[in-house]
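The sequence shown lines up with residues 1 to 501 when you count with the UniProt record's numbering.
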Amino acid sequence: MRIFMKFKYFLKHFTFLIFLLVLNYKPLFAKEDFSFSNKTKFLNTNPKKNLENNNYIKIANADDEVPENKLDNTIDVGAPGVKKIKITIPNFFLIDKSIPINNTDLNKFTKRMHNILAFTNWFEFISQETQQNNSKQNLLPFQATTWKSLKTEYVIIGNFNISSSQNRFNLELRLFDVKTQNLIIGKSYLNLNFKSVDVALKRFGDLLIEALTGTQGPFMSQIVFVGRKHSDTNGQIYISDFDGGNLKQITNNNSVNLSPTWTKDGTKITYTSFKSGKPEIYSYNLNTKQELRVVANMPNSSGASWSPDGNTIAFSSSTNDGSTHIFSMNKFGSNKKVLIDTSAIEVEPSFSPDGKFLAYTSTKFGKPMIFVKDLENDSNTRITYAGWYNASASWSPDSRTIAFASYDRDIDRWDLFKINANGSNIERLTLNQGDNEKPSWSPDGRFIIFQSDRNSKGTRYGTKKLFVMTKDGAYQKVLDIPLAEAKQPSWGPYILQFEAD
């Protein structure tokens, strides 16, 4: 190494080649081909594993000292007292003018990249007014001095070039560290059409968040919820992107549909429907577009939750004496058994992501409270004591924390709280903003989606809409969903590839 240091100017370009050898000859841009993206594919639910599968690379100039926090991913975004990350996104540009993309399209794609990152509230966007005439010449190669004057920390450079496939194009995206002049991420997305550009931008956004913080962002995920097009119509099941975009209707019947949830692998949506005249549990396969009745011939079946391995479904159902308890059966609809059966009412089962526990609501001691069942030793523990009615237990991805809704009779409000799975350290997340219910965690564990009927003045009895906040209750904001009502959300796992064709 000392020999290299003596001749570092002579070997400047060769050290870059050596670095590529260490990376097993990976190219500068990790490439992803969107030519045959006609299916929805789903990621391993481990965020770190997902990004390893994406084969992205981080490249540093051999002569530059890379800050330790960039290599170890230690930026604590969103924490109290931590400043926002300063980032600049110049307008994307064309390498090949023959590509059927105009300036309006370029502005739209650039704005979309901005909005994806803005969703987190972790970034301060630094204007690049000095770079209005973006072109290949003034943006590439990267000139750190150009951006240091703007006092920005990171710059995203995006450009389109011609694809080998007809009526398609490629998108190259780079994330630069202005201070160190390092290329943090380089990605090339191949054979895109206008729709799949959005998928590429979300993929890049997830990689950017991981590169800066150590954990993948939530952008390659979807939410499922109950929505109504008009105030006088029944609720149907919908899915959308993480921010409410790309809305798709799943059910289309004249009945009531409730309580949608995801399977662990994200391939199916399970929900309760009254379309047969009584509540039964159905499953919808996102790839085959087939709907199947999962639980039938059991009175008032609702509130389904799948075990992480996908082999067991838990749900509540009424018994002959009129009480409601929690049952389970296998994925084939057989081996039915009572999972929780006391003299009380038990509803809303929820498997922990690690498969070791089941949270549920029970009236065992009078008021509805949250309990946790240890599936290994068959013990049941009450974890909430305050409030008049606690419900809608939702596990964090690491199985350590439970978010839930609680009704406070003294103030006549539903609000959201979180608590450790062992019943310690309860924290309030919402207050004085209407009724807030049905929490669900993002797959990265840093956000919670929920329904609220708050109106523009912050009081109740407005239309139910979906809101997102950080896991600590900060940055609460409504999702822009073009429906008369949206409620009962469930945030799904990471998705490798949305339908893009």
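C-beta: ideal position from N, C-alpha, C; glycine also.
Alpha carbon of residue i to alpha carbon of residue j, nearest angstrom
i           : j      : result
Lys195      : Gln222 : 16 angstroms
Ser440      : Thr145 : 44 angstroms
Ile99       : Ser273 : 47 angstroms
Ile89       : Asn330 : 50 angstroms
Glu452      : Asn297 : The residue you asked about is not Glu; residue 452 is Ser in the sequence shown. In a straight line, the C-alpha of Ser452 is about 34 angstroms away from that of Asn297.
Ile239      : Lys248 : 5 angstroms
Thr251      : Asp309 : 26 angstroms
Tyr461      : Asn455 : 7 angstroms
Asn38       : Asp241 : Reliability fails at Asn38, whose pLDDT of 35 lies under 50, so the model's placement of it is uncertain and no value is given.
Glu346      : Thr324 : 6 angstroms
Thr401      : Met469 : 16 angstroms
residue 507 : Gln143 : Past the boundaries of the shown model lies residue 507; the chain is included only from 1 to 501, so the question cannot be answered.
Asp374      : Ser317 : 21 angstroms
Ser343      : Phe365 : 10 angstroms
Gly333      : Leu258 : 20 angstroms
Lys477      : Asp321 : 44 angstroms
Phe109      : Trp414 : 39 angstroms
Gly355      : Ser307 : 6 angstroms
Ala314      : Ser255 : 23 angstroms
Ile156      : Thr215 : 19 angstroms
Asp198      : His114 : 12 angstroms
Lys464      : Phe417 : 19 angstroms
Val295      : Leu358 : 19 angstroms
Asn335      : Asn420 : 32 angstroms
Ile495      : Ile87  : 26 angstroms
Exposure label - residue i; buried when at least 16 CB within 10 Å
i      : result
Glu376 : exposed
Pro299 : exposed
Val338 : exposed
Lys97  : exposed
Ile411 : exposed
Leu212 : buried
Tyr154 : buried
Glu210 : buried
Tyr271 : buried
Thr384 : buried
Gln433 : buried
Gln166 : exposed
Ser328 : buried
Leu292 : exposed
Lys151 : exposed
Thr120 : buried
Thr312 : buried
Arg428 : exposed
Ala486 : buried
Asn102 : exposed
Ala118 : exposed
Thr444 : Before going further, note that residue 444 is Asp rather than Thr in the sequence given. The residue is buried, with at least 16 neighbouring Cβ atoms inside 10 Å.
Asp341 : exposed
Integer Cβ distance of residue i from residue j, believed to fall under 8 angstroms
i      : j      : result
Asn436 : Phe450 : 6 angstroms
Gly303 : Pro353 : Not quite, the Cβ-Cβ distance comes to about 18 angstroms (not below 8 angstroms), so this is no contact.
Lys438 : Ala405 : 7 angstroms
Asn285 : Lys268 : 5 angstroms
Gly473 : Thr430 : 6 angstroms
Thr361 : Ala391 : 5 angstroms
Gly235 : Val226 : 4 angstroms
Leu95  : Asn159 : Correcting the residue type first, residue 95 is Ile in the shown sequence and not Leu. Indeed, because the Cβ distance is near 5 angstroms, the residues count as touching under 8 angstroms.
Secondary structure of residue i, DSSP reduced to three states
i           : result
residue 521 : It is not possible to answer for residue 521, since the shown part of the chain is limited to 1 through 501.
Asp177      : strand
Ser352      : coil
Arg460      : coil
Ile162      : strand
Ile481      : coil
Arg400      : coil
Ile116      : helix
Gly205      : helix
Leu466      : strand
Leu94       : strand
Thr288      : coil
Lys26       : Reliability of the predicted coordinates at Lys26 is poor, the pLDDT of 35 falling under 50, and the value obtained from them is presented with this limitation in mind. DSSP places Lys26 in coil when its eight states are reduced to three.
Asn436      : strand
Leu247      : coil
Lys195      : helix
Asp105      : helix
Ile187      : Strictly speaking, residue 187 in this sequence is Lys, with Ile absent from that position. Strand at Lys187.
Trp122      : coil
Thr215      : coil
Any non-hydrogen atom of the ligand SAM closer than 8 angstroms to residue i Cβ
i     : result
Ile89 : Summarising the ligand content, the structure contains no ligands, and the ligand SAM is consequently not present.
Cutoff 9 angstroms: residue i Cβ touching any chain C Cβ
i      : result
Ser307 : No chain C is part of this structure, which consists of one protein chain only.
ask   = Are at least three pairs of beta-carbons, each pair with one atom in the segment 183-191 and one in the segment 158-175, less than 8 angstroms apart?
value = yes
key: Given 8 angstroms, three or more beta-carbon pairs between the segment 420-430 and the segment 477-488   = no
task = May I ask you to verify whether the segment 489-496 touches the segment 254-271, counting CB pairs closer than 8 angstroms and requiring at least 3?
result = Result yes; three or more Cβ-Cβ pairs closer than 8 angstroms.
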